[in-house]
Amino acid sequence: MALDPIIYPLGERGLVLDPTPSSPINVGLQRKLCWIAEQLRSSKTILDVVPGMNNLTLFVTQPDQLKVIQQQLETLWRNAKQHQFHAREITIPVTYGGQFGPDLDNVAKYHQLTTNEVIALHCQAQYQVYFIGFQPGFAYLEGLVAELHTPRHSQPRLEVAAGSVGIGGEQTGIYPSQSPGGWQIIGRTDSQLFNHTSAAPCLLQPGDIVTFEPTRDTPS
Numbered sequence: 001m002a003l004d005p006i007i008y009p010l011g012e013r014g015l016v017l018d019p020t021p022s023s024p025i026n027v028g029l030q031r032k033l034c035w036i037a038e039q040l041r042s043s044k045t046i047l048d049v050v051p052g053m054n055n056l057t058l059f060v061t062q063p064d065q066l067k068v069i070q071q072q073l074e075t076l077w078r079n080a081k082q083h084q085f086h087a088r089e090i091t092i093p094v095t096y097g098g099q100f101g102p103d104l105d106n107v108a109k110y111h112q113l114t115t116n117e118v119i120a121l122h123c124q125a126q127y128q129v130y131f132i133g134f135q136p137g138f139a140y141l142e143g144l145v146a147e148l149h150t151p152r153h154s155q156p157r158l159e160v161a162a163g164s165v166g167i168g169g170e171q172t173g174i175y176p177s178q179s180p181g182g183w184q185i186i187g188r189t190d191s192q193l194f195n196h197t198s199a200a201p202c203l204l205q206p207g208d209i210v211t212f213e214p215t216r217d218t219p220s
C-alpha cells in the first residue's frame, strides 16, 4: 500500500513533508527524501531544504509561494519512486585508540572483543548519513553493526575534541567541533567536518555513504 505523505506548514515560510509520522527508520524512504531535496535545491524560490529523520523541511522566500511549492512536493513524491538517488561515497581516516580513542578498550571489554576486532567491525560497515543535527556538521549515521551497540556514558565529558569518532547506543558519529558529549570515543579524524567559510560548510550531506579506515598511526 502506497504511503500518502502529510504536508503541513511550519511558520509563514516553511513546509514539512512527513510521509511516515509513526513509522520506524527506513533507508529506502530516506533516499527518496534525499532525491526530492536534490530536485528542490535548484529552485530560486526556496531558501533552504533540510532532510530530517524520515521527513523533509523546506523554507521559501515568500509566503505566497507555499501553495505552489506544496503542489510541487506532491508531484516530486509521486515521481521519486521512478528515480535512483546517487549517493556520494566518502571515506573518513581515523586514528583509533590511545589518546585519540580513550574509550576503545571499554567498548572492547563491554562486547568481549579485542580492540582490533572493534576497529575491524567499525570499518567494515557502510554508513548512510540520515541528517545533520546536534551541532553544525554533525552527521547522524545509520549502519553500526549490532555487535558494537554500546551505551553512552552515564556522566558526559565536559570536553570532547573536534574530530572525535564515537559510539552512542545504536549509532556512530563524529564531533565536528569541541563540545560536551557522552558518546564512547574510540578514535579521531583529521577530516574537517564543518567549515563556515566554505560554500558547502558541511563535509557530509544527507544521503552520503560513509566508510571509516584506520590510519597508519592506529596502534596494532
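In the UniProt record's numbering, the protein residues as written are 1 to 220.
Glycine residues also receive a C-beta, built at the ideal position from the N, C-alpha and C atoms.
- Excluding residues up to 5 positions away in sequence, I25, V27, Y127, Q128 and Y130 lie with their Cβ nearer than 7 angstroms to the Cβ of E142 in the same chain.
- For D190, the three-state secondary structure derived from DSSP is coil.
- One Cα belongs to L40, the other to G166, and the distance between them is close to 33 angstroms.
- When DSSP states are grouped into helix, strand and coil, E12 belongs to the coil group.
- Short of 6 angstroms from the beta carbon of V118, and not among the five residues preceding or following it, lie these beta carbons of its own chain, in chain order: V107 and A108.
- It is roughly 11 angstroms from the alpha-carbon of H111 to the alpha-carbon of P151.
- The beta carbon of L121 lies closer than 7 angstroms to those of V145, E147 and L148 in the same chain, with the five residues before and after it left out.
- Under the three-state reduction of DSSP, A87 is assigned to coil, being neither helix nor strand.
- Runs of the alpha helix (DSSP H) lying entirely within the segment 104-172 and spanning at least 4 residues, in chain order: 104-110 and 115-124.
- In the structure shown, L29 adopts helical secondary structure according to DSSP, grouped into three states.
- In chain order, G97, L104, D105 and A108 place their CB closer than 7 angstroms to the CB of T115, counting only its own chain and leaving out the 5 sequence neighbours on each side.
- Note that the C-beta distance between Q135 and S179 is below 9 angstroms.
- A straight line joining the alpha-carbon of L58 with that of T215 spans about 39 angstroms.
- In the DSSP assignment, L47 falls within the beta strand (DSSP E) that extends over I46 to P51.
- Inclusion of G169 and D190 in the CB contact set at 9 angstroms is not warranted, their separation being larger than that value.
- For T57, the uninterrupted beta strand (DSSP E) run begins and ends at L56 to V60, by DSSP.
- Straight across, the Cα-Cα distance linking W77 with I36 is about 7 angstroms.
- In this structure R157 does not touch G101 by the C-beta definition: roughly 13 angstroms separates them, more than the 8 angstroms allowed.
- In the DSSP annotation of this structure, the continuous segment of the alpha helix (DSSP H) that includes T75 starts and ends at L66 to A80.
- In this structure, R88 lies near I209, with their beta-carbon atoms less than 9 angstroms apart.
- Rounded to whole angstroms, E213 and T91 show a C-alpha spacing of 7 angstroms.
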